[in-house]
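The numbering used here numbers the first residue of the sequence shown as 1 and each following residue consecutively. Where a beta carbon is used, it is the ideal one built from N, C-alpha and C, also for glycine. Note that this is a predicted model, so its numbers are computed, not measured.
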Amino acid sequence: MTRHTGLVAVILDYNGVIGLQPTRSQWLRLARTASWPDDDLTGFQRAFWSAREPYDAGQLSDMAYWGRVLGSHPGPRLLRELLTADTDMWTGTDEHVLAILRRVRRRGLAMVLLSNAPRHLSDVLDTHDWQQLMTQALYSARLEACKPDPAAYHHALAATGARNPERVLFVDDRADNCQAARSLGLTALHYTGRPADLEAALLPTA
Numbered sequence: 001m002t003r004h005t006g007l008v009a010v011i012l013d014y015n016g017v018i019g020l021q022p023t024r025s026q027w028l029r030l031a032r033t034a035s036w037p038d039d040d041l042t043g044f045q046r047a048f049w050s051a052r053e054p055y056d057a058g059q060l061s062d063m064a065y066w067g068r069v070l071g072s073h074p075g076p077r078l079l080r081e082l083l084t085a086d087t088d089m090w091t092g093t094d095e096h097v098l099a100i101l102r103r104v105r106r107r108g109l110a111m112v113l114l115s116n117a118p119r120h121l122s123d124v125l126d127t128h129d130w131q132q133l134m135t136q137a138l139y140s141a142r143l144e145a146c147k148p149d150p151a152a153y154h155h156a157l158a159a160t161g162a163r164n165p166e167r168v169l170f171v172d173d174r175a176d177n178c179q180a181a182r183s184l185g186l187t188a189l190h191y192t193g194r195p196a197d198l199e200a201a202l203l204p205t206a
């Protein structure tokens, strides 16, 4: 197990690290809210992701994003229902990971959240108690830059206050985001859903 010593800060992804991946039932709920055929969940997910990057980057409004997904703009009531179902998919958290982060916080390590997330989801995540663990929470829609854009990493590194990027651990469930972090001099952990790996990286034993 790789252990990272001498760390002064950690930059954490949200979904896939702190946040749990949506379940099939949650995807189906959103697809049904969108009146998408039950037998074409894959098609719905393809439409969902096709415009997600500009939405996450703050380049599309909620209405514009869902207009692209559905092929026509939803009415105000349907838009509210879509936003609620969409947001609910991303708010479940991994308590094993949070328990590790609480221990990390007690040891005084700065923690910065860096998440690709649209504005509506960002606002909801900011209300959650676990946010108190973070030194700062940064979201792509507010930064107008999504990982792996170097600009997103520069904002997060500045938020840690660290002078040496090698002493900052970047944790993400996407390999391309981790590779981008390494290219900027950060230490990176490609998180694959094993809390023990995160614990080993952040809380090395003597």
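**OP:** Would you mind stating whether Y139 and A117 have Cβ atoms separated by less than 8 angstroms?
**Re:** Cβ atoms of Y139 and A117: closer than 8 angstroms.
Original post:
Grouping DSSP H, G and I as helix and E and B as strand, with all else coil, what is H73?
Top reply: Residue state, collapsed to three classes: coil.
Subject >> At least three beta-carbon pairs within less than 8 angstroms, the segment 127 to 146 to the segment 45 to 64 >> reply: Yes, the segment 127 to 146 touches the segment 45 to 64.
Original post:
Around the Cβ of T160, are there at least 16 other Cβ atoms within 10 angstroms (buried) or fewer (exposed)?
Top reply: So T160 ends up on the buried side.
Subject >> Residue burial classification, Y14 (beta-carbon count within 10 angstroms, cutoff 16) >> reply: Y14 comes out buried.
Original post:
For Y139, which beta-bridge partners are listed by DSSP?
Top reply: Per DSSP, S115.
Original post:
With respect to the beta strand (DSSP E) encompassing R171, which residues constitute its N-terminal and C-terminal limits?
Top reply: Note that residue 171 is Val in the sequence shown, not Arg. Element bounds for V171: V168 to D172.
Original post:
What separation, rounded to the nearest whole angstrom, lies between the Cα atoms of S61 and L114?
Top reply: S61 and L114: Cα-Cα distance of roughly 21 angstroms.
Subject >> Beta carbon of L41 nearer than 8 angstroms to that of L28 >> reply: Result yes, Cβ atoms of L41 and L28 sit closer than 8 angstroms.
Original post:
Which term fits W90, buried or exposed, when burial requires 16 or more other beta carbons within 10 angstroms of its beta carbon?
Top reply: W90 is buried by the Cβ-count criterion.
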